[in-house]
Amino acid sequence: MKFIVPTPVGFRVRTTESYWSLLLMKHPEIVGRESDVQETLRRPDRVCRNRHDGRVHLFYRRDGGYHLCVVAKRLDEEGYIVTVYVTDSIKEGEHVWPTSA
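Mapping the sequence shown onto this note's numbering, position 53 (from 1) lands on 54, and the numbers just tick up by one.
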C-alpha cells in the first residue's frame with residue numbers, strides 16, 4: 002500500500018505503489034506531489050459527487066491559479082484513487098463538502 006488517507010466525507014482513500022506509478026506516468030504534473038495529493042484528500046477546499054456515479058467523489062484544493070483534483074471511488078468505508086489532475090475549473094456535480102457552502 003502506498004498510502005491510506007482519511008477524508009472529511011466519511012471514508013478513507015487508498016492507493017497502491019503500482020497504481021501510483023501508473024498515475025505518475027499518465028499525469029507527469031503530479032510527480033513529486035504525493036503530499037499535495039494526500040493533503041487534498043485530507044483537507045479539500047471542496048468535494049463534489051459525480052452526477053453519473055454517486056460513489057465517485059472529486060476532491061479539490063486550490064493550487065495557485067488552478068485546482069488539484071483527486072478523483073476517488075467510494076466502496077463502503079474505504080475508497081481508492083481513480084485519477085489525479087490539475088484543472089482550472091471545478092466540474093459540475095453535487096456539492097457535498099463543506100456542507101455550509
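Just so it is clear, CB atoms sit at the ideal spot from N, CA and C, and this is done for glycine as well.
All figures in this text were calculated on a predicted structure; none of them were measured in a lab.
Query                                                                                        : Result
Reduced DSSP category for T41 - H, G, I as helix; E, B as strand; rest coil                  : helix
Cβ shell of R47 (< 6 angstroms), same chain only, five flanking positions each side left out : Y61
For R34: DSSP bridge partner residues                                                        : Answer is none; R34 lacks a bridge partner.
Rounded separation between H28 and T100 - CA only                                            : 30 angstroms
Neighbour-count burial assignment, H53, 16 or more Cβ in a 10 Å radius                       : exposed
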